[in-house]
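Novice: Take this structure, written in structure tokens, and hold onto it; I'll ask about it next.
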Amino acid sequence: GKAQLYLDNAPSEVKELAQTLTMLLSRLSQSWEQEREFVSNVSHELRTPLTIVHGYLQSVLRRQNNLTQTQQEALETAASEAERTIRLLQDLLDLARADSGYLHFQMKSYVLNDLVEEIVVMAEKYSDRVITIESTSYPIEVKVDYSRIKQVLLNLIDNAVKYSEAGTPVIFKLNQLKETAIIQVCDKGYGIPLQHQARIFERFYRVDESRSHMTGGCGLGLSIVKTLVEGMGGSVSVQSKLGEGSIFTISLPV
Ligand code: ADP
């Protein structure tokens, strides 16, 4: 209103400038939209054949018991790289969907204590780490999308395990502060230098490329965590000290 009134009385140069800016902004947003669509289409097109390749590799690995050790290892590497790339593509798809507002959440009520327990049992199956839970004596009820909260917590557990030495503890702490449920994932790992802490939630951002490279991620995990948690009405933050460990805190409305 006020801006329009100002523009109506503005000299023609200002009007022209305003028009140019509006046009530029609309072009920018169009090209962002195109980029998102491109990422989403490419991810989708790559994921399908890769899933098929992965399936064949798995079936050869399962059925052939006369493979040489070298062949066996080559196929296992191929399968695990395919799997990693499929996950990366799924992450890119999720982010592109979130950007264009097409990421949908099926929000239902759950008892957080049971949910975390269930997910921890799941995570322990494919990591050799003991994960403990410091729960509350009372049930905390939250409204979340089951598969999305699972994705979030598995991502955080995955990181806690990846960025710490074998045998160190991973601890979940649950709490409720007024209307907010608080989930903390704590590790006694390598920690994150202060100057990097604000940036680790950015896409493709990794603190120590050389060490991170060995762990086979690509820097999308935490940006997915942030997108999903915020999509469910919550927030995520980090506290960490180099050489001492990290605490990732998720707050969700109860
Ligand atoms: P990725 O693990 O694939 O590199 P993430 O987005 O999950 O990507 O994490 C981004 C970066 O943040 C990691 O590369 C790592 O440097 C750092 N990081 C994440 N979680 C932890 C943790 N629990 N302890 C130490 N560093 C971490």
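Residue numbers (UniProt numbering): 219 to 472.
Quick reminder that beta carbons are idealized off the backbone N, C-alpha and C, glycines included.
Quick caveat: nothing in here was measured; it's all calculated off a predicted structure.
#1: Can you give me the start and stop residues for the alpha helix (DSSP H) that glutamate 291 sits inside?
#2: Helix, strand or coil: how does DSSP classify threonine 354 here?
#3: Let me know the secondary structure DSSP gives glutamate 420 once reduced to three states.
#4: Tell me the residue span of the alpha helix (DSSP H) that contains leucine 374.
#5: Using only the alpha-carbon positions, how far apart do valine 334 and glutamate 342 sit?
#6: Which residues have their C-beta within less than 7 Å of a heavy atom of the ligand ADP, listed in chain order?
#7: Whether or not the region 280-290 and the region 251-261 are in contact is what I'm after, with contact meaning three or more pairs of Cβ atoms, one per stretch, closer than 8 Å; do they touch?
#8: Just verifying my parser: in three-state terms, what is the DSSP assignment at proline 471?
#9: Report the partner residues of serine 261 according to the DSSP bridge assignment.
#10: Pull up the distance between the alpha-carbon of glutamate 352 and that of isoleucine 401, whole angstroms please.
#11: Quick check on DSSP: helix, strand or coil for threonine 238?
#12: May I ask you to report which of helix, strand or coil DSSP gives valine 348?
#13: Using beta-carbon positions only, say whether phenylalanine 390 and valine 447 come within less than 8 Å of one another.
#14: How should glycine 461 be labelled, buried or exposed, when 16 other C-beta atoms within 10 angstroms of its C-beta is the threshold for buried?
#15: Indicate whether glycine 463 and glycine 407 have their beta-carbon atoms separated by less than 8 Å.
#16: How long is the line joining the alpha carbons of arginine 224 and aspartate 363, rounded to whole angstroms?
#17: What are the boundary residues of the alpha helix (DSSP H) that aspartate 426 is part of?
#18: Taking all protein chains shown into account, do 16 or more other C-beta atoms lie within 10 angstroms of the C-beta of valine 348, making it buried, or fewer, making it exposed?
#19: Count the other C-beta atoms from every protein chain shown that fall within 10 angstroms of the C-beta of arginine 245, then say buried if there are 16 or more, exposed otherwise.
#20: Where does the unbroken beta strand (DSSP E) through isoleucine 401 begin, and where does it stop?
#21: If we call anything under 8 Å between Cβ atoms a contact, is serine 469 one with serine 453?
#22: Roughly how many whole angstroms lie between the Cα atoms of phenylalanine 323 and aspartate 346?
#23: Check whether the Cβ atoms of valine 329 and glutamate 397 lie closer than 8 Å to each other.
#24: Using the three-state DSSP reduction, which class does glutamate 462 fall into: helix, strand or coil?
#25: If I measure Cβ to Cβ from phenylalanine 422 and keep anything under 7 Å in the same chain, skipping five residues before and after, which residues do I get?
#26: So, helix, strand or coil for methionine 325, using DSSP?
#27: Rounded to the nearest angstrom, how far is the Cβ of alanine 399 from that of isoleucine 358, given a contact under 8 Å?
Specialist: By the coordinates alone:
#1: 287-317
#2: coil
#3: coil
#4: 364-380
#5: 12 Å
#6: Asn373, Asn377, Ala378, Lys380, Tyr381, Ser382, Asp405, Gly407, Tyr408, Gly409, Ile410, Ile418, Tyr423, Arg424, Val425, Asp426, Ser430, Thr433, Gly435, Cys436, Gly437, Leu438, Gly439, Leu440, Ser441, Ser458, Ser464, Phe466
#7: no
#8: strand
#9: Its beta-bridge partners do not exist; DSSP assigns none.
#10: 10 Å
#11: helix
#12: coil
#13: no
#14: exposed
#15: yes
#16: In the sequence as presented, arginine is not what sits at residue 224; that position holds tyrosine. Going from the Cα of tyrosine 224 to the Cα of aspartate 363 covers about 46 Å.
#17: Neither: aspartate 426 is in no alpha helix (DSSP H) and is coded neither H nor E.
#18: exposed
#19: exposed
#20: 398-405
#21: yes
#22: 31 Å
#23: no
#24: coil
#25: Cys436, Gly437, Leu438
#26: strand
#27: 5 Å
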